[in-house]
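Heads up, the thing below is written out as structure tokens.
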Amino acid sequence: MNKRYQNLISQYIKAKDNSKPHLMAKVFAEQAVLKMNVQTDNIAFPAEVLGVDKITHTLVQDFNNSYDNIYTLCITDSVDQYQHHNHLSCRWLVCMTEKSSGSLRLGYGDYHWCFEEKSSGLISQLTITIDDMQILPEGMESEILSWFDTLPYPWALSSELKTTMPDIELLYKTLQPLFREDTSLSA
């Protein structure tokens with residue numbers, strides 16, 4: 007994987023998860039495009055956002071107004087860097103609590119990144135697909151958030167997720183589709 011791209015993606019996750027909007031201008035090109043493909047009713051985003059300032063508002067400020075305890079992981083062994091070397095995609099997993107209700111959310115999907123070929127090399131387009139976003143029952147927060155806190159951040163191998171996952175049947179069922187290649191995850 008291109009180390010520059012990995013560093014930019016890591017900076018984006020740091021900005022988003024930790025409410026650091028000032029970092030976004032070092033990650034996204036001025037005229038960058040965000041596209042959202044949301045496959046669940048449990049979270050909402052605009053379908054398209056134009057420009058780094060509006061992307062920052064959507065993915066950092068608005069997001070952090072609604073959620074805290076945010077952990078986003080990119081699944082390292084799912085990375086595809088395309089023949090057009092300025093494209094990269096990977097699976098992602100997120101865990102967070104909703105500020106208004108305290109409910110724990112667990113979701114996953116795909117990132118597809120396009121980087122400028124010349125000049126800055128910053129992100130010119132990000133397409134986020136949200137395959138699923140589950141609202142988990144009360145009482146799981148401590149165990150699941152503690153698990154996320156032990157994982158390598160923000161890049162983790164799917165094998166690390168599988169071998170360290172708490173023994174919670176609902177967690178296994180929820181995350182089963184995350185692993186495209188290996189669907190043998192079981193409780």
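Mapping of the sequence shown onto our numbering: residues 7 to 193, in sequence order.
Glycine is no exception: its CB is placed at the ideal position from the N, C-alpha and C atoms.
The structure displayed is predicted, hence computed values, not measured ones.
#1: On the criterion of 16 or more Cβ atoms from any shown chain inside 10 Å, does A193 qualify as buried, or is it exposed?
#2: DSSP three-state label for H5, please.
#3: Let me confirm a value: P158 is counted as buried when at least 16 other C-beta atoms fall within 10 Å, else exposed. Which label applies?
#4: Which residues does DSSP list as the beta-bridge partners of V39?
#5: When you compare each of L56, V85 and D173 to E36 by their alpha carbons, which one comes out closest?
#6: In the DSSP output, which residue or residues are listed as bridge partners for Y117?
#7: Could you spell out the range, first to last residue, of the alpha helix (DSSP H) harbouring Y18?
#8: Quick one: what's got a C-beta closer than 8 Å to Y73's C-beta in the same chain, skipping five residues either side?
#9: Should T62 go down as buried or exposed, given a rule of 16 or more other Cβ atoms within 10 Å for buried?
#10: If you check the beta carbons only, do I129 and F121 fall under 9 Å apart?
This is what the structure gives:
#1: In the sequence shown, residue 193 corresponds to position 187, counting from 1. Here A193 scores only 38 on pLDDT, less than 50, and its place in the model is too uncertain to base an answer on.
#2: Residue 5 is absent from the model: the chain starts at 7 and stops at 193.
#3: Indexing the sequence shown from 1 puts residue 158 at position 152. Classification of P158: exposed, given that the 10 Å Cβ count is below 16.
#4: Counting from one through the sequence shown, the residue named residue 39 turns up at place 33. Per DSSP, L56 and Q131.
#5: In the sequence shown, the residue the question calls residue 36 occupies position 30. If we check each option's Cα against that of E36, L56 comes out closest.
#6: Counting from one through the sequence shown, the residue named residue 117 turns up at place 111. C96 and I134.
#7: As a working note, residue 18 is residue 12 in the sequence shown. Element bounds for Y18: K9 to D23.
#8: Locating residue 73 in the sequence shown gives position 67, where the first residue counts as 1. Cβ neighbours of Y73 beyond the five flanking positions: M102, T103, E104, K105 and R111.
#9: In the sequence shown, counting from the first residue as 1, residue 62 sits at position 56. So T62 counts as buried.
#10: Indexing the sequence shown from 1 puts residue 129 at position 123. Indexing the sequence shown from 1 puts residue 121 at position 115. A contact, by the Cβ cut-off of 9 Å.
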